[in-house]
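Everything below concerns the one structure shown next.
2 protein chains.
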Amino acid sequence: MNRILIKNVTLKGEIVDVLIDGNRFGKIAYGIEDPAARVIDGSNKAIIPPFYNTHTHAAMTLLRGYADDMELFTWLNDYIWPAEAKLTGEDVYAGTRLALLEMIRSGTVFFNDMYWHCFDTIRAVEEMGMRCAIGLLYITGQDGEVLEHNRRCHAELLEWNGGDSGRLQIAHAPHAVYTVSEQVLRQVADDAWRDGRVIHIHASETGREVEDCLKAHGKSPIAYLDSLGIIGPRTVLAHAVHLSDADIEIIAERGAYLAHCPCSNFKLASGQFRYRDAVQKGQCLFTIGTDGCASNNNLSMLEEMKFAALSAKSESGDPTVGKDFDIFRGATRTGAEAFGIDAGAIEENGLADALLIDLDNPRLVPNYNLVTNIVCSADSGCIDTTICDGRILMENKKIPGEEEILAEARRVCAKFRRD
Amino acid sequence: MNRILIKNVTLKGEIVDVLIDGNRFGKIAYGIEDPAARVIDGSNKAIIPPFYNTHTHAAMTLLRGYADDMELFTWLNDYIWPAEAKLTGEDVYAGTRLALLEMIRSGTVFFNDMYWHCFDTIRAVEEMGMRCAIGLLYITGQDGEVLEHNRRCHAELLEWNGGDSGRLQIAHAPHAVYTVSEQVLRQVADDAWRDGRVIHIHASETGREVEDCLKAHGKSPIAYLDSLGIIGPRTVLAHAVHLSDADIEIIAERGAYLAHCPCSNFKLASGQFRYRDAVQKGQCLFTIGTDGCASNNNLSMLEEMKFAALSAKSESGDPTVGKDFDIFRGATRTGAEAFGIDAGAIEENGLADALLIDLDNPRLVPNYNLVTNIVCSADSGCIDTTICDGRILMENKKIPGEEEILAEARRVCAKFRRD
Numbered sequence: 000m001n002r003i004l005i006k007n008v009t010l011k012g013e014i015v016d017v018l019i020d021g022n023r024f025g026k027i028a029y030g031i032e033d034p035a036a037r038v039i040d041g042s043n044k045a046i047i048p049p050f051y052n053t054h055t056h057a058a059m060t061l062l063r064g065y066a067d068d069m070e071l072f073t074w075l076n077d078y079i080w081p082a083e084a085k086l087t088g089e090d091v092y093a094g095t096r097l098a099l100l101e102m103i104r105s106g107t108v109f110f111n112d113m114y115w116h117c118f119d120t121i122r123a124v125e126e127m128g129m130r131c132a133i134g135l136l137y138i139t140g141q142d143g144e145v146l147e148h149n150r151r152c153h154a155e156l157l158e159w160n161g162g163d164s165g166r167l168q169i170a171h172a173p174h175a176v177y178t179v180s181e182q183v184l185r186q187v188a189d190d191a192w193r194d195g196r197v198i199h200i201h202a203s204e205t206g207r208e209v210e211d212c213l214k215a216h217g218k219s220p221i222a223y224l225d226s227l228g229i230i231g232p233r234t235v236l237a238h239a240v241h242l243s244d245a246d247i248e249i250i251a252e253r254g255a256y257l258a259h260c261p262c263s264n265f266k267l268a269s270g271q272f273r274y275r276d277a278v279q280k281g282q283c284l285f286t287i288g289t290d291g292c293a294s295n296n297n298l299s300m301l302e303e304m305k306f307a308a309l310s311a312k313s314e315s316g317d318p319t320v321g322k323d324f325d326i327f328r329g330a331t332r333t334g335a336e337a338f339g340i341d342a343g344a345i346e347e348n349g350l351a352d353a354l355l356i357d358l359d360n361p362r363l364v365p366n367y368n369l370v371t372n373i374v375c376s377a378d379s380g381c382i383d384t385t386i387c388d389g390r391i392l393m394e395n396k397k398i399p400g401e402e403e404i405l406a407e408a409r410r411v412c413a414k415f416r417r418d
Numbered sequence: 000m001n002r003i004l005i006k007n008v009t010l011k012g013e014i015v016d017v018l019i020d021g022n023r024f025g026k027i028a029y030g031i032e033d034p035a036a037r038v039i040d041g042s043n044k045a046i047i048p049p050f051y052n053t054h055t056h057a058a059m060t061l062l063r064g065y066a067d068d069m070e071l072f073t074w075l076n077d078y079i080w081p082a083e084a085k086l087t088g089e090d091v092y093a094g095t096r097l098a099l100l101e102m103i104r105s106g107t108v109f110f111n112d113m114y115w116h117c118f119d120t121i122r123a124v125e126e127m128g129m130r131c132a133i134g135l136l137y138i139t140g141q142d143g144e145v146l147e148h149n150r151r152c153h154a155e156l157l158e159w160n161g162g163d164s165g166r167l168q169i170a171h172a173p174h175a176v177y178t179v180s181e182q183v184l185r186q187v188a189d190d191a192w193r194d195g196r197v198i199h200i201h202a203s204e205t206g207r208e209v210e211d212c213l214k215a216h217g218k219s220p221i222a223y224l225d226s227l228g229i230i231g232p233r234t235v236l237a238h239a240v241h242l243s244d245a246d247i248e249i250i251a252e253r254g255a256y257l258a259h260c261p262c263s264n265f266k267l268a269s270g271q272f273r274y275r276d277a278v279q280k281g282q283c284l285f286t287i288g289t290d291g292c293a294s295n296n297n298l299s300m301l302e303e304m305k306f307a308a309l310s311a312k313s314e315s316g317d318p319t320v321g322k323d324f325d326i327f328r329g330a331t332r333t334g335a336e337a338f339g340i341d342a343g344a345i346e347e348n349g350l351a352d353a354l355l356i357d358l359d360n361p362r363l364v365p366n367y368n369l370v371t372n373i374v375c376s377a378d379s380g381c382i383d384t385t386i387c388d389g390r391i392l393m394e395n396k397k398i399p400g401e402e403e404i405l406a407e408a409r410r411v412c413a414k415f416r417r418d
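Have a look at this one:
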C-alpha cells in the first residue's frame with residue numbers, strides 16, 4: 000500500500016507533517032512517525048492544492064503557436080481545421096502526453112477535455128497518472144442527428160465507462176448551441192439527468208453566437224440551453240463571456256459552473272467576462288480553464304489565475320474585485336467540486352492531490368500571503384512536486400520520460416510545419 | 000580580456016557560433032574556433048536578446064503581496080506609504096538585490112528605476128552586473144520647489160555621473176504632473192535639452208489625473224507636458240493609459256517613447272491602453288515596463304509581454320492587433336534604444352546582452368515560431384543563461400549568492416509583517 004510522509008512542510012503558515020495513505024490524505028499533524036512510509040523532506044516548501052483545469056482541448060498543444068494574430072475565421076478555416084484533419088490517434092496520444100507534461104510541471108492534476116480520438120487521450124492520461132473528464136463530443140449534421148463518427152465513439156466510451164483507476168470520468172460534451180441541434184441537446188439533457196454525468200458545453204463565447212441564437216431561437220444561448228434542460232448543477236459552461244443579467248440569474252439559480260478562460264477570450268478578442276456581476280454579485284460558481292494551446296498558448300493555470308484576477312479588476316473598474324483567494328479557490332476546490340472530485344484542499348481523508356511549492360524561489364519572497372504570491376507572482380518554476388491521487392507525478396521538478404515525450408511530439412509536429 | 004564562445008546555438012532558426020569579445024559580440028558564424036575563449040555549449044538552446052524594463056521601482060519588491068485587492072487611496076495611504084516611510088538605505092539595497100535576482104532569472108538585464116535611496120540601488124546594480132537608469136526624482140513642495148531631500152540627492156548623483164562601468168546612467172525623473180510644479184517641469188526640460196539625459200515621467204496613468212490636469216491647466220497631461228518642453232525623443236512616458244487622439248499625435252511627432260505597464264494598469268483598474276490607436280496606427284514608439292512589485296506582483300517581462308499582446312487584441316476587439324513580433328521588439332530592441340543602449344539584438348559589434356533559451360522546455364515545444372512561443376507561452380523556466388555586457392549573470396539557471404540575497408530580503412521584510 001502506498002504510504003508517503005511529507006515531513007516539516009508548511010500548510011497555511013504552520014509547519015506540519017502530512018501522511019498520504021493510499022490515494023487519500025491520512026493524518027496531518029506535527030511529529031508523525033510512520034516506519035512504513037516513504038519520507039519526503041518538506042522543509043522550505045509549502046503544500047497547497049493543485050489546479051483543476053475545467054476547459055481544454057489537450058492534444059491541441061501540437062498546434063501551439065501554429066497560427067497567431069489572425070481573425071477567428073481565417074485562423075479556423077485556413078490553419079486550425081486543415082491541421083486537425085491531419086491528426087491521427089497516435090498524434091493525439093503524443094499531443095496529450097506533451098500537454099500533460101506541461102500541466103504536471105505547472106501544477107495541474109485534472110483537465111476537462113473536449114476533443115477527438117478519445118481513447119488515445121485516455122491512454123495518455125492513464126499512463127501519466129492524471130485525472131480527466133473525457134467528453135462525449137456531440138456535433139450534429141444537416142439532419143440534426145449526431146455525426147456517425149461521434150456516435151461510434153460514444154458507444155465505445157460508454158462501454159469503457161471511465162476504466163478502473165477512479166481518476167477518469169466521462170462527461171457529455173455537446174459542442175455549442177450553433178453546432179448541436181435542439182433535438183440532440185434535449186436528448187443530452189435527458190441522458191445527463193439519468194446518468195448524473197457532467198455536461199460540458201461552450202456557451203456565450205462570442206457576441207456573434209449570442210446574436211445568432213437570439214435570431215434563431217428568440218433567446219440568449221443560456222436561456223435557450225436552460226429551456227432544453229441543459230443547465231443544472233452538473234453543467235460546466237465554458238467561456239460564458241457574453242452574459243445578460245437574466246443569464247446570470249439562470250446560471251446561479253441552477254447551480255451550474257462557469258469555466259472562465261481569460262487568456263483565450265483576450266487572445267481571440269471574444270469579449271470581457273463580467274466577473275463582478277456574475278461571480279461576486281451574481282454568486283455563480285466560478286472555475287478556470289485554459290482552453291487549448293492554439294488560443295492561449297499554454298496550459299498554465301498560474302497564468303490563467305493572474306489573467307482572471309487582473310482582468311476582473313480592469314473589467315469592473317474596481318481594484319477590490321477578483322480577490323486572490325476567490326480566484327485561487329476557483330482554480331482548485333471549486334474546479335474539483337464541479338466534477339464531483341473529493342479534492343482541492345489539503346485535508347485529512349480528502350483525495351491526496353497536492354503541490355509542494357519551493358518557498359526559496361525569489362518570486363515567492365517576501366511571503367506576506369502565499370495565496371496572493373501564487374495567484375499574482377508565481378510561475379511554474381515555483382512548483383517542486385506534483386502529487387495526484389497519492390502518486391508523485393513530478394519530484395524535484397523531474398518528470399520521468401520527459402525527453403521521449405518531447406521527441407515524439409516534435410516528430411508528430413513536423414508534418415504541420417509551413418515554411 | 001573577456002572572451003566567450005557559444006557553440007552550436009540557434010539564432011533565428013540557424014545553428015551558429017557566437018563569439019563575445021569584451022562587452023560586445025564579435026563574430027557570429029558557423030565553425031568559429033578561438034583557443035582563448037571560454038566555451039559554452041549552446042546545443043538545444045536559442046540565443047535571443049534579453050529584456051529592457053522601461054518602468055519600475057525595483058526596491059518595492061520588498062512589498063510584493065503586502066497589500067492587494069484594495070482601492071488605490073486605501074492602498075497608498077494605509078499600506079504602501081507607511082511601509083515605505085520605514086525603508087532605510089540598507090533596506091533598499093536588499094530589496095533591489097531581490098529584484099535583480101528575479102529580473103536576471105526572468106531574462107531582464109536593464110531597468111529604468113524611480114525610487115528613493117539611489118546610491119543603495121546603484122550599489123546593488125553595480126555588484127550584480129545589470130544595466131540601469133537611475134532617476135533623479137523630482138517631487139515639489141507647497142512652494143513649488145523641489146524637496147530638499149531630492150535636491151541633496153541630485154547633487155550627489157550628478158557628481159557620480161553614472162560611474163565607470165558604462166552600464167548605469169542617470170535620467171531625469173519628475174514624478175508626474177500632479178506632484179511636480181510647472182516651474183520645475185520647465186527646468187527639467189531645459190536641463191535635459193542641455194545634458195541629453197532621458198526624462199522619465201508617469202503620464203496619463205489614470206482618468207483622474209487627466210481630469211485634474213484639464214481643470215488645472217486646460218490641457219491633457221500630454222499636451223501640458225508638451226507645452227513645457229518635456230516631450231521629446233528622449234522622453235519615456237510611463238503608463239500613458241488615457242490618451243486622446245491629439246495626445247497620440249504629439250507623442251508620435253516628438254518621437255517620445257511609451258512605457259506600457261499592462262499588469263499594473265489592470266491590477267489598479269487604471270484603464271486600458273489604446274495599443275492599436277497609439278502604436279499600430281499612431282506609430283508611437285512602444286516599450287514595456289513591469290512597474291513595481293506592489294502593483295503587479297512580479298518583475299517578469301515575459302508575463303508583461305503576454306498581457307500586452309493579449310490586452311491589445313481585447314481592447315481593440317481585433318485579434319490581429321498586438322502582433323507577437325512587435326510586442327517582442329518593444330520589450331527588447333526598442334527598450335534599449337529608448338536609453339541609447341546599443342543592444343537588444345544579437346548582432347556583430349552590438350553590446351553583448353543575450354539570453355540562452357532552453358528549447359527542451361515543454362512550453363517551447365512545438366517550435367513553429369520562437370518569438371510567438373516566447374511572448375505567449377514561455378515562463379522563466381525557459382531561460383537557462385542571462386548575459387549582460389559580456390558577463391554571465393546566470394548560467395544553467397544558477398545565480399551566485401542567491402541564498403544570501405533571499406535571507407537578507409526576508410530579514411528586512413520582517414518589519415512590515417502585519418498579522
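Quick note, the sequences are listed as chains A and B, same order.
For the first sequence, the positions run 0 to 418 when numbering that gives the first Met the number 0 is used.
For the second sequence, the positions run 0 to 418 when numbering that gives the first Met the number 0 is used.
The beta-carbon is built from N, C-alpha and C at its ideal position, and this holds for glycine as well.
Residue i vs residue j beta-carbon contact at 9 Å
{"i": "V176 (chain A)", "j": "C212 (chain A)", "result": "yes"}
{"i": "M393 (chain A)", "j": "N52 (chain A)", "result": "no"}
{"i": "L354 (chain A)", "j": "T60 (chain A)", "result": "no"}
{"i": "A330 (chain A)", "j": "E303 (chain A)", "result": "yes"}
{"i": "C283 (chain A)", "j": "A307 (chain A)", "result": "no"}
{"i": "T55 (chain B)", "j": "V91 (chain B)", "result": "no"}
Where residue i falls: helix, strand or coil (DSSP)
{"i": "Q279 (chain A)", "result": "helix"}
{"i": "C260 (chain A)", "result": "coil"}
{"i": "Y274 (chain B)", "result": "helix"}
{"i": "Q168 (chain A)", "result": "strand"}
{"i": "N348 (chain B)", "result": "coil"}
{"i": "H153 (chain A)", "result": "helix"}
{"i": "N372 (chain B)", "result": "helix"}
{"i": "Y137 (chain B)", "result": "strand"}
{"i": "L392 (chain A)", "result": "strand"}
{"i": "A239 (chain B)", "result": "coil"}
{"i": "G64 (chain A)", "result": "coil"}
Burial state of residue i (16 or more Cβ within 10 Å)
{"i": "Y29 (chain B)", "result": "exposed"}
{"i": "P361 (chain A)", "result": "buried"}
{"i": "D77 (chain A)", "result": "exposed"}
{"i": "N395 (chain A)", "result": "exposed"}
{"i": "G67 (chain B)", "result": "Before going on, a small fix: residue 67 (chain B) reads as Asp here, not Gly. The residue in question, D67 (chain B), is buried, as its Cβ has 16 or more Cβ neighbours within 10 Å."}
{"i": "L146 (chain B)", "result": "exposed"}
{"i": "M113 (chain B)", "result": "buried"}
{"i": "T384 (chain A)", "result": "buried"}
Proximal chain A residues relative to residue i, where beta-carbon distance stays under 9 Å
{"i": "M69 (chain B)", "result": "P318, T319"}
{"i": "R104 (chain B)", "result": "N360, P361, R362, G380"}
{"i": "K312 (chain B)", "result": "D68, F265, K266, L267, A268"}
Closer than 8 Å at the beta carbon, the chain A residues around residue i
{"i": "N296 (chain B)", "result": "T371, N372, C375, S376"}
{"i": "F285 (chain B)", "result": "In chain order: nothing, as chain A lies at least about 16 Å away."}
{"i": "K414 (chain B)", "result": "Within 8 Å Cβ-Cβ: nothing; K414 (chain B) doesn't reach chain A, min ~11 Å."}
Partner residues on chain B for residue i, Cβ-Cβ distance less than 8 Å
{"i": "G64 (chain A)", "result": "P365, N366, Y367, N368, T371, N372, C375, S376"}
Proximal chain B residues relative to residue i, where beta-carbon distance stays under 7 Å
{"i": "L267 (chain A)", "result": "P318"}
message: Under 8 Å, with one C-beta from each stretch per pair, do the region 190 to 200 of chain A and the region 156 to 175 of chain A reach the 3-pair mark?
response: Yes, the region 190 to 200 of chain A is in contact with the region 156 to 175 of chain A.
- prompt: Is the region 364 to 379 of chain A in contact with the region 405 to 416 of chain B, if contact means three or more CB pairs nearer than 8 Å?
  reply: The region 364 to 379 of chain A, when compared against the region 405 to 416 of chain B, does touch it at the 8 Å Cβ threshold.
query: For the region 305 to 322 of chain A against the region 369 to 387 of chain A, are there 3 or more C-beta pairs whose distance is under 8 Å?
result: Contact between the region 305 to 322 of chain A and the region 369 to 387 of chain A is present, because at least three Cβ pairs lie under 8 Å.
- prompt: Are three or more beta carbon pairs between the region 90 to 110 of chain A and the region 68 to 77 of chain A nearer than 8 Å?
  reply: Touching, no, given that fewer than three Cβ pairs across the two stretches are closer than 8 Å.
query: Is the region 140 to 158 of chain A close to the region 197 to 205 of chain A, with three or more CB pairs under 8 Å?
result: Taking a cut-off of 8 Å for Cβ pairs, the region 140 to 158 of chain A and the region 197 to 205 of chain A do not touch, as fewer than three such pairs fall below it.
query: Are the region 106 to 115 of chain B and the region 333 to 341 of chain B touching by the rule of at least three beta carbon pairs closer than 8 Å?
result: Between the region 106 to 115 of chain B and the region 333 to 341 of chain B, the count of Cβ pairs shorter than 8 Å is three or higher; the stretches touch.
task: Determine, using beta-carbon pairs with one atom in the region 30 to 41 of chain A and one in the region 7 to 16 of chain A, whether at least three such pairs fall under 8 Å.
output: With a cut-off of 8 Å, the region 7 to 16 of chain A and the region 30 to 41 of chain A count as touching, because enough Cβ pairs lie within range.
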